[in-house]
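Right, one structure below, let's go through it.
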Amino acid sequence: MAFAAPHSPVTFFPAGPPSGPIVHGCHGGAGASTLARLLELPDLPTGWAPPPQARLLLVARGTPYGSRAAVSVLAALRAQPSLAALALVVVGDGPWPEPMTATRRLVTLGPLVPAVVRVPFVGRWRYLDDPLSARIPRAVTSALARIRAALAAPEGGIPS
67 MAFAAPHSPV TFFPAGPPSG PIVHGCHGGA GASTLARLLE LPDLPTGWAP
117 PPQARLLLVA RGTPYGSRAA VSVLAALRAQ PSLAALALVV VGDGPWPEPM
167 TATRRLVTLG PLVPAVVRVP FVGRWRYLDD PLSARIPRAV TSALARIRAA
217 LAAPEGGIPS
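Note that my numbering has the sequence shown beginning at 67, numbered continuously upward.
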């Protein structure tokens, strides 16, 4: 018996440059698919090469592993001038404070990306088949507004 996954995160891209921002997880489990659904944007699966001229919303967890992956992805993007990182979204991985290693690494990334936006961990989403069927917490709604502002800015980043 086969089961279909609800809300498939796989998006197939047409040939040529994309028309808008694409969500891209810097590593598996970053939260990119959930964020793509929240923002109603296409989700580029982890490990896939971005299409030419892509404008990327990068997503990483606020962990040492996630921050190291963000460093690697941003370094790779700098070598590809046709690609642009509009913002880095850092998703909390639990109700506890972000590890100092991750925080330090993410601070050093600040100058390399137009905006860094943190999205808090939502514990109750772990228990739901479809996290977005529940009310979206105010702190997440606020973070989504900051992300949308960063995406609307001409070169990414939070408009002044």
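The C-beta atom is built at its ideal place from N, Cα and C for all residues, glycine as well.
Residue i vs residue j beta-carbon contact at 7 Å
{"i": "V155", "j": "V125", "result": "yes"}
{"i": "L152", "j": "L123", "result": "yes"}
{"i": "V234", "j": "P165", "result": "Not covered by the structure: residue 234. The range shown for the chain is 67 to 226."}
{"i": "L110", "j": "H90", "result": "yes"}
{"i": "V183", "j": "I213", "result": "yes"}
{"i": "A211", "j": "A181", "result": "no"}
{"i": "R171", "j": "A150", "result": "no"}
{"i": "G160", "j": "P186", "result": "no"}
Integer Cβ distance of residue i from residue j, believed to fall under 8 Å
{"i": "A168", "j": "T129", "result": "5 Å"}
{"i": "L42", "j": "V137", "result": "As shown, the chain starts at 67 and ends at 226. That puts residue 42 outside it, with no answer to give."}
Contacts around residue i, its chain only, beta-carbon distance under 7 Å, and the 5 residues preceding and following it disregarded
{"i": "A135", "result": "C92, H93, A126"}
{"i": "W114", "result": "none"}
{"i": "V139", "result": "C92, L124"}
Run of the alpha helix (DSSP H) containing residue i, from where it starts to where it stops
{"i": "R204", "result": "204-218"}
{"i": "V188", "result": "Premise fails: V188 is in no alpha helix (DSSP H) and is neither H nor E."}
{"i": "V139", "result": "130-144"}
{"i": "T112", "result": "No alpha helix (DSSP H) holds T112; DSSP gives it neither H nor E."}
{"i": "A102", "result": "98-105"}
Opposing strand residues paired with residue i [DSSP bridges]
{"i": "A153", "result": "L123"}
{"i": "V173", "result": "V173 is not bridged to any residue."}
{"i": "V182", "result": "L154"}
Segment limits, beta strand (DSSP E) that includes residue i
{"i": "V89", "result": "88-91"}
Sequence-distant residues of its chain with Cβ nearer than 6 Å to residue i (five each side left out)
{"i": "W191", "result": "P197"}
{"i": "L143", "result": "L149, A151"}
Spatial neighbours of residue i in its chain, beta-carbon cut-off 8 Å, leaving aside the 5 residues before and after
{"i": "T112", "result": "H90, G91, C92, H93, G94, A96, A98"}
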